[in-house]
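Q: Numbering (the UniProt record's numbering), first residue to last: 1 to 481.
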Amino acid sequence: MASGIPAWKMQEQVTCFICREYLTEPLIIDCGHNFCRTCITQYCEQREPESGRKFPCPKCRVPFEKGKFRPNRQLASTVDSFKLLGLKPGKMPKEDLCETHQEKLKLFCEEDQKAMCVVCRESRDHGDHTILPIEEAAQDYKVKLQGVLVPLKNELEEALALTSEEEKKITQWQHKVETRRRTIKHEFKKLHQVLSEEEQLLLQRLAEEERETLQRLQDNITKLSEQTTTLINLITEAEEKYRQPAAELLRVRIIGHFLGRSENVKVQQPEAISPALKNVYKICLDMREMLERFTMDITLDPDMAQPSLVLSEDRKRVRFGGKHRDLHSNPERFDSCVSVLGTQGMMGGKCYWEVEVGDKTEWALGICRESVSRTGNMILTPGNGYWAMGLRGGEYRTCTFHSTTLPVSIRPTRVGIFLDYVAGELSFYNVTDRSHLFTFTDTFSGTLRPYFNPGINAGGKNVAPLIICPVPAQAGGNVCP
Numbered sequence: 001m002a003s004g005i006p007a008w009k010m011q012e013q014v015t016c017f018i019c020r021e022y023l024t025e026p027l028i029i030d031c032g033h034n035f036c037r038t039c040i041t042q043y044c045e046q047r048e049p050e051s052g053r054k055f056p057c058p059k060c061r062v063p064f065e066k067g068k069f070r071p072n073r074q075l076a077s078t079v080d081s082f083k084l085l086g087l088k089p090g091k092m093p094k095e096d097l098c099e100t101h102q103e104k105l106k107l108f109c110e111e112d113q114k115a116m117c118v119v120c121r122e123s124r125d126h127g128d129h130t131i132l133p134i135e136e137a138a139q140d141y142k143v144k145l146q147g148v149l150v151p152l153k154n155e156l157e158e159a160l161a162l163t164s165e166e167e168k169k170i171t172q173w174q175h176k177v178e179t180r181r182r183t184i185k186h187e188f189k190k191l192h193q194v195l196s197e198e199e200q201l202l203l204q205r206l207a208e209e210e211r212e213t214l215q216r217l218q219d220n221i222t223k224l225s226e227q228t229t230t231l232i233n234l235i236t237e238a239e240e241k242y243r244q245p246a247a248e249l250l251r252v253r254i255i256g257h258f259l260g261r262s263e264n265v266k267v268q269q270p271e272a273i274s275p276a277l278k279n280v281y282k283i284c285l286d287m288r289e290m291l292e293r294f295t296m297d298i299t300l301d302p303d304m305a306q307p308s309l310v311l312s313e314d315r316k317r318v319r320f321g322g323k324h325r326d327l328h329s330n331p332e333r334f335d336s337c338v339s340v341l342g343t344q345g346m347m348g349g350k351c352y353w354e355v356e357v358g359d360k361t362e363w364a365l366g367i368c369r370e371s372v373s374r375t376g377n378m379i380l381t382p383g384n385g386y387w388a389m390g391l392r393g394g395e396y397r398t399c400t401f402h403s404t405t406l407p408v409s410i411r412p413t414r415v416g417i418f419l420d421y422v423a424g425e426l427s428f429y430n431v432t433d434r435s436h437l438f439t440f441t442d443t444f445s446g447t448l449r450p451y452f453n454p455g456i457n458a459g460g461k462n463v464a465p466l467i468i469c470p471v472p473a474q475a476g477g478n479v480c481p
């Protein structure tokens with residue numbers, strides 16, 4: 001049985017402070033107190049506001065604005081529960097008289113379960129009935145009522161405690177919904193921004209192709225126009241010579257020279273220009289496809305890999321080898337934390353890459369400042385120059401001072417990482433179900449590097465490598481320099 005809040009305390013909460021009766025159509029005001037609809041309305045009508053349109057709360061004196069009341073349906077339901085139990089605040093039973101004889105009711109008939117006066121006792125109707133003094137009978141029934149009342153109150157307290165728990169669940173659920181709402185709006189804002197940038201880029205490329213092709217077509221027309229002028233001049237000259245007298249036409253070498261010029265004239269064909277557009281202007285509305293346009297080819301830097309890590313020849317895979325290899329001394333190398341950075345530095349723009357985590361039981365991914373210390377044990381927090389998230393102890397968590405557990409519906413086997421350097425955002429995506437995992441918001445400066453931590457083998461459960469995956473990048477995008 002839940003202890004909850006004492007029944008008397010709950011009874012006080014469902015009682016109107018103004019009329020001292022159970023709340024009727026309870027309304028809640030700004031300060032959180034509840035009053036009957038009629039009581040608080042009359043209270044406002046019978047007083048002058050103290051400041052502008054505001055009145056003092058009858059209970060705590062905190063100002064509230066007339067008309068800005070909200071129905072409290074949950075409390076109304078609780079009031080109904082109290083009424084069903086027959087609990088009445090401050091009500092004294094009315095002393096009744098016998099309806100037949102107008103005498104005071106002093107006796108009680110057990111068989112008829114009815115209070116009666118001394119005159120009624122003498123009637124034939126109660127001749128062989130068990131008659132008790134009303135106070136004695138009342139005491140007997142009070143004992144019985146007490147036996148019923150205690151468990152009922154306990155049940156009420158449990159019901160109220162459960163109600164309180166459900167109200168907490170409502171608050172928690174609404175918080176989750178609001179968080180998800182903000183995430184959706186933020187992601188679509190990001191998508192709209194990327195779409196806008198992509199639109200401008202495609203329009204710019206189309207305009208450049210338009211100018212280039214129109215210029216080539218115009219050059220063709222200019223050359224053809226020049227050839228047309230030459231042909232018209234030759235035709236005009238030929239027609240004039242045709243009309244000349246024989247002696248003038250056949251002057252020494254003139255006609256032969258003209259015929260030689262005319263016979264060698266050939267129209268030059270214009271440059272062949274395809275009517276098709278050279279570039280593919282593909283418009284995509286899928287978030288991952290948009291991110292793919294900013295794909296960066298990431299490779300691992302062997303000079304920074306902790307000595308226990310094993311990198312593949314193509315520097316796309318990293319796993320924990322278990323043995324501390326004897327490598328040449330390098331101040332840039334992680335000496336304790338099983339970590340390695342990407343070779344590529346990022347100082348602006350947008351970058352996207354994907355990492356296969358498979359069924360690994362422990363890993364961490366993200367970015368870090370190129371200047372971070374790599375000696376000793378690391379605490380991965382933004383304050384220390386690391387923006388990362390990962391899997392540890394069966395939970396997906398942010399690598400922050402107060403880590404946040406991330407709700408994951410489908411276990412990610414591949415994680416997408418998107419950096420918008422200028423906007424100061426680093427986002428993680430579950431590529432498996434194309435859902436958003438988490439976004440860091442910060443102000444970035446200096447060179448940033450991709451960060452990889454495959455975790456230790458954990459008794460053979462975490463031996464698989466982290467794999468930098470090829471992403472089919474599309475045309476466009478403003479990738480990181």
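Note that CB positions come from ideal geometry on N, CA and C, so glycine has one too.
Within the same chain, show all residues whose beta-carbon is closer than 7 Å to that of Phe438, passing over the 5 residues directly before and after it, in chain order.
A: Excluding positions up to five away in sequence, the list reads Met389, Thr398, Leu406, Phe428.
Q: For the stretch 362–370 and the stretch 292–309, state whether three or more C-beta atom pairs, one from each stretch, are separated by less than 8 Å.
A: Verdict: no, contact absent.
Q: Whether or not the stretch 373–381 and the stretch 350–358 are in contact is what I'm after, with contact meaning three or more pairs of Cβ atoms, one per stretch, closer than 8 Å; do they touch?
A: Output reads no: the stretch 373–381 does not touch the stretch 350–358.
Q: Assuming contact is defined by CB atoms lying nearer than 8 Å, are Val62 and Pro26 in contact in what I supplied?
A: In this structure, Pro26 does not lie closer than 8 Å to Val62 by Cβ.
Q: Compare the Cα-Cα distances from Asp335 to each of Val310, Gln306, Thr295, Val357 and report the closest residue.
A: Per the Cα distances, Gln306.
Q: How about Pro465 and Arg315: do their beta carbons lie closer than 8 Å?
A: No.
Q: Rounded to whole angstroms, what's the CA-CA distance from Asp297 to Gln344? Just pull it up for me.
A: If I take the Cα positions, the gap works out to 8 Å.
Q: Kindly provide the ranges of any alpha helix (DSSP H) runs that are 4 or more residues long and lie completely inside the UniProt domain "RING-type" (16–61), ordered along the chain.
A: If we require 4 residues or more, the alpha helix (DSSP H) runs fully inside the UniProt domain "RING-type" (16–61) come out as 37–45.
Q: So for Met290, helix, strand or coil by DSSP?
A: Helix at Met290.
Q: DSSP state of Pro93, grouped into three classes?
A: Low confidence applies here, because Pro93 scores a pLDDT of 40, under 50, leaving its location unreliable; read the following figure in that light. Reduced to three states, the DSSP call for Pro93 is coil.
Q: Can you give me the start and stop residues for the alpha helix (DSSP H) that Cys120 sits inside?
A: It spans 118–121 - the alpha helix (DSSP H) in which Cys120 sits, taken as one unbroken run.
Q: Can you tell me whether Lys190 is buried or exposed? The criterion is at least 16 other CB atoms within 10 Å of its CB, across all chains shown.
A: Lys190 is buried by the Cβ-count criterion.
Q: Using the C-alpha atoms, what's the distance from Leu105 back to Glu99?
A: So the alpha carbons of these two residues sit roughly 10 Å apart.
Q: If we call anything under 8 Å between Cβ atoms a contact, is Ile448 one with Met290?
A: It is Leu, not Ile, that sits at residue 448 in the sequence shown. No, these two residues do not count as a Cβ contact at 8 Å.
Q: So, at 7 Å on beta carbons, what are the nonlocal neighbours of Gln227 in its own chain, with the 5 sequence-adjacent residues on each side left out?
A: Val267, Gln268.
Q: With DSSP run on the structure shown, which of helix, strand or coil describes Val150?
A: Helix, per DSSP.
Q: Measuring only the C-alpha atoms, how far is Ser123 from Glu136?
A: Between Ser123 and Glu136, the C-alpha separation is close to 21 Å.
Q: Who pairs with Cys98 in a beta bridge, going by DSSP?
A: DSSP lists no partner for Cys98.
Q: With a CB to CB cut of under 6 Å and the five nearest residues on each side skipped, what residues in its chain are close to Gly416?
A: For Gly416, where only same-chain residues beyond five positions count, the Cβ hits under 6 Å are Glu354, Tyr429, Val431.
Q: What are the boundary residues of the beta strand (DSSP E) that Phe320 is part of?
A: Counting along the chain, the beta strand (DSSP E) containing Phe320 begins and ends at 317–320.
Q: What first and last residue would you give for the alpha helix (DSSP H) that runs through Thr78?
A: Start and end: 73–84.
Q: Compute the distance between the beta-carbons of Phe69 and Ile40, then report whether it is under 8 Å.
A: For Phe69 and Ile40, yes; Cβs fall inside 8 Å.
Q: May I have the straight-line CA-CA distance separating Phe35 from Cys16, to the nearest angstrom?
A: About 5 Å.
Q: Consult DSSP for Lys169 and reduce its assignment to one of helix, strand or coil.
A: Reduced to three states, the DSSP call for Lys169 is helix.
Q: Out of Ser445, Gly32, Val143, which one is the CA nearest neighbour of Glu65?
A: Checking every option, the nearest Cα to that of Glu65 belongs to Gly32.
Q: In the DSSP output, which residue or residues are listed as bridge partners for Ile417?
A: According to DSSP, Ile417 bridges with Trp353, Phe428.
Q: For my contact list, Phe320 and Ser308 are in at a C-beta cut-off of 8 Å; report their separation, rounded to the angstrom.
A: At roughly 6 Å, the Cβ-Cβ gap stays under 8 Å, so Phe320 and Ser308 are in contact.
Q: Nearest-angstrom Cα distance between Glu208 and Leu201?
A: If you take the alpha carbons of Glu208 and Leu201, they lie about 11 Å apart.
Q: So who's on the other strand from Gly366, going by DSSP bridges?
A: Answer is Ala388, Tyr451, bridged to Gly366.
Q: To the nearest angstrom, report how far apart Lys323 and Thr443 are at their CA atoms.
A: Spanning the two alpha carbons is a distance of roughly 38 Å.
Q: If you drop the 5 nearest sequence neighbours on each side, which residues of the same chain put their C-beta closer than 8 Å to that of Glu110?
A: Taken in chain order, the residues that qualify are His129, Thr130, Ile131, Leu132, Ala137.
Q: Kindly give me the distance between the Cβ atoms of Leu341 and Ile273, rounded to whole angstroms, as I take these residues to be in contact under 8 Å.
A: Contact doesn't hold; Cβ gap of about 49 Å is too wide.
Q: How long is the line joining the alpha carbons of Glu95 and Cys117, rounded to whole angstroms?
A: Because the pLDDT of Glu95 is 49, which lies under 50, any placement of that residue in the model is unreliable, and the number read from its coordinates should be weighed accordingly. When rounded, the distance between both Cα atoms is 13 Å.
Q: Along the chain, where does the beta strand (DSSP E) that runs through Thr398 open and close?
A: First-last of the beta strand (DSSP E) with Thr398: 395–398.
Q: So, helix, strand or coil for Met296, using DSSP?
A: Met296: coil per DSSP, three-state reduction.
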